[in-house]
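Here is the structure we will look at, set down as structure tokens.
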């Protein structure tokens, strides 16, 4: 069933979603069951992931200039340039994530994959810091 919307002149447009068909989610073969989709579980997962991401970003960005100029011995200008690159990349990566989510993986798989990647990188970072601390002490 095709629904057209008349416009001025002879131009007609068709809506993106046919009202007769159920809306589809990430898998085109499964229609959305509104009674089982989303809810507080999904909302709490997304809020938790966002809180963790914002906390990590603020923690790193506030201490990055001190770390680059202190233990790594970089100049203030070079450290400021690297902090600007870090901020720019951090603010542009959500666009890449949204493209991957919309085009390839789907929203929930992308959130789970990004959360697992975040957990892996954070764990490696803390492991490296622990190893370096033990190495420096001994």
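Residue numbers (our numbering): 10 to 147.
The C-beta atom is built at its ideal place from N, Cα and C for all residues, glycine as well.
Out of the options, which has the shortest C-alpha to C-alpha gap to residue i?
| i | options | result |
| --- | --- | --- |
| residue 52 | 76, 130, 97, 117 | 117 |
| residue 3 | 102, 82, 74, 104 | Nothing in the structure corresponds to residue 3, since the chain is present only between 10 and 147. |
| residue 70 | 125, 135, 100 | 100 |
| residue 102 | 134, 136, 132, 62 | 62 |
| residue 72 | 140, 91, 56 | 91 |
| residue 54 | 125, 140, 82 | 125 |
| residue 132 | 65, 57, 49 | 65 |
| residue 96 | 68, 136, 141, 127 | 68 |
| residue 138 | 76, 104, 82, 98 | 76 |
| residue 60 | 104, 98, 127, 82 | 127 |
Might you give, ordered along the chain, the residues of its own chain that have their beta carbon closer than 8 Å to the beta carbon of residue i, omitting 5 neighbours on each side?
| i | result |
| --- | --- |
| residue 119 | 106, 109, 110 |
| residue 78 | 84, 85, 88 |
| residue 135 | none |
Buried or exposed, going by whether 16 or more other CB atoms sit within 10 Å of the CB of residue i?
| i | result |
| --- | --- |
| residue 88 | buried |
| residue 129 | exposed |
Please list the terminal residues of the continuous alpha helix (DSSP H) segment that includes residue i.
| i | result |
| --- | --- |
| residue 80 | Careful: residue 80 lies outside any alpha helix (DSSP H) and carries neither H nor E. |
Among the residues of its own chain, which have a CB less than 7 Å from the CB of residue i, if the five just before and after it don't count?
| i | result |
| --- | --- |
| residue 122 | 114 |
ask   = If you scan the segment 51-131 from start to end, which runs of the alpha helix (DSSP H) of 4 or more residues do you find wholly inside it?
value = If you keep only unbroken alpha helix (DSSP H) runs of at least 4 residues inside the segment 51-131, you get 85-109.
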